[in-house]
Amino acid sequence: MATLELDSVRKTFQDDSGEIVAVDDVSTAIDDGEFLVVVGPSGCGKSTMLRMVAGLESITSGTVSLNNRVINDVKSQDRDIAMVFQSYALYPHMSVRGNMSFGLEESTDLPDDQIAEMVSETAELLGISNLLERRPTDLSGGQQQRVALGRAIVRDPEVFLMDEPLSNLDAKLRAQMRTELQRLQEDLGVTTVYVTHDQTEAMTMGDRIAILNDGRLQQVATPLECYHEPANQFVAGFLGEPSMNFFDVRFERGVLVGDAFEYPLGPEVREALDGTTDLVLGIRPEDIELAETASNDHDFATTVDVVEPMGDENTVHLKFDEGVETMIATADGFTRISAGDDVVARIPAESIHVFDRETGEALR
Ligand code: ATP
């Protein structure tokens with residue numbers, strides 16, 4: 001059993017220009033056996049957060065607890081936490097076997113034959129039994145990654161921490177390892193915190209994802225909740241490719257008034273806005289339907305600007321007829337459409353997102 005809890009965790013660094021707040025008042029709890037993916041843009045504080053949990057970075061304020069025990073002052077090697085790095089951090093002069101057994105030899109009194117057996121079992125689990133006598137330098141990136149994982153798994157830790165472990169692999173291997181890692185974590189049932197800037201990894205691997213921006217937690221929820229019910233404009237724009245379309249609008253006379261269009265709202269949405277007038281309307285590209293003729297007041301006349309064929313689908317750049325606003329829609333790859341075509345963009349009322357323009361908070 002391992003639960004991990006961060007309570008008002010903060011980390012500041014000093015440099016010549018002053019104080020840098022890398023992690024700002026982060027509170028969250030990771031359940032026993034849970035796979036939590038921490039995701040966010042470069043420099044948002046992901047690695048720093050993980051390193052504080054690992055004990056590789058001091059905590060400026062707040063607490064990190066493992067199984068309800070505060071571990072702020074527990075040394076890294078005594079935390080029963082194993083970390084896997086992007087760089088793999090393998091010992092080049094040791095064999096794979098040596099890399100995997102070293103930690104156990106150093107930190108436990110287990111007899112050599114038991115350690116050897118644990119290494120063999122883990123190697124088998126990862127399909128690297130045939131590599132045990134090789135040096136890391138003689139291995140491919142994918143094989144090195146497995147060894148780095150093996151070194152963490154063999155210790156049978158309470159918690160795995162992984163910092164962008166797949167980012168040095170090519171796209172195909174990355175996709176394969178993504179599935180393997182997920183299966184492995186599920187089989188082993190070890191509480192895992194996994195850091196990445198890759199939204200595909202976040203969406204596909206995590207039981208829940210924690211989205212970080214500027215050192216602050218934006219939302220912690222299942223991937224689908226974050227995608228469909230983003231807490232704020234940052235989360236809405238971060239998840240999804242192509243990104244959500246955003247329009248600055250004002251709420252007037254029961255409609256959202258933009259530069260190029262007016263979008264009528266039903267009573268339920270009007271109520272949710274709670275009197276806020278300066279808003280941002282958010283529309284996911286896949287929620288826009290392309291039609292030939294307008295049939296209701298959620299249909300808008302547009303012109304196709306650019307079509308990017310992606311194979312299974314087309315990314316379609318649309319211009320509203322006034323020409324001042326553009327948006328991106330995704331359409332089926334078989335849709336026959338080309339630049340200059342006039343199309344109707346249908347934006348169903350149930351699919352729209354509305355954010356407070358000042359705070360970014362999702363109102364609906
Ligand atoms: P990336 O995805 O690029 O690795 P990240 O989200 O992991 O980024 P961190 O490496 O945690 O971000 O960095 C968060 C902030 O803290 C950044 O502004 C970074 O420059 C700063 N920072 C990190 N480590 C130090 C340090 N040792 N000294 C000073 N500033 C630091």
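Just so it is clear: in the sequence shown, position 144 is 144 by full-length UniProt numbering, and no numbers are missing. Positions of the beta carbon are idealized from the N, C-alpha and C atoms, including for glycine. Model, not experiment: these values are computed from the prediction.
Any non-hydrogen atom of ligand 1 within 8 Å of I209 CB: No, the Cβ of I209 stays beyond 8 Å of every heavy atom of ligand 1.
Taking only the alpha-carbon atoms, compute the straight-line gap between D207 and G18 and give it to the nearest angstrom. Cα to Cα, the separation comes out at about 38 Å.
Specify, as a first and last residue, the run of the alpha helix (DSSP H) that V154 falls within. No alpha helix (DSSP H) contains V154, which DSSP labels as neither H nor E.
Quick one: grab the DSSP three-state call for I115. Helix, per DSSP.
Flag this pair as touching only if the segment 156-169 and the segment 70-90 have three or more C-beta atom pairs under 8 Å; answer yes or no. Taking 8 Å as the limit for Cβ pairs, the verdict is that the segment 70-90 does touch the segment 156-169.
Ligand 1 heavy atoms versus the CB of T49: any closer than 8 Å? The amino acid at residue 49 is misidentified as Thr; the sequence shows Met. Ligand 1 approaches M49 closely enough that one of its heavy atoms is under 8 Å from the residue's Cβ.
According to DSSP, what are the bridge partners of Y263? Within the DSSP secondary-structure output, Y263 pairs in a beta bridge with L256.
In or out: M244 buried (at least 16 other Cβ within 10 Å) or exposed? It counts as buried.
Shortest alpha-carbon distance to R51 belongs to which of V9, I20, F35 and A29? Ranking V9, I20, F35 and A29 by Cα distance to R51 puts V9 first.
Comparing the CB of G43 with every heavy atom of ligand 1, is any distance shorter than 8 Å? Distances taken from the Cβ of G43 to the heavy atoms of ligand 1 include one shorter than 8 Å.
With three or more beta-carbon pairs closer than 8 Å as the criterion, would you say the segment 314-331 touches the segment 257-275? Yes, the segment 314-331 touches the segment 257-275.
With a threshold of 8 Å, establish whether the CB of F13 neighbours any heavy atom of ligand 1. Yes, Cβ of F13 sits closer than 8 Å to a heavy atom of ligand 1.
With a cut-off of 8 Å on the beta carbons, I'd call N213 and F234 a contact; round off their distance for me. With a Cβ gap of about 5 Å, N213 and F234 count as contacting.
Expected contact under 8 Å - CB spacing of M205 and L239 to nearest Å: About 14 Å separates the beta carbon of M205 from that of L239, a gap too long to meet the 8 Å contact definition.
What is the rounded straight-line gap between the Cα of Q143 and the Cα of M177? A straight-line Cα-Cα distance of about 11 Å links Q143 and M177.
Any heavy atom of ligand 1 within a distance shorter than 8 Å of the CB on E252? The answer is no for E252.
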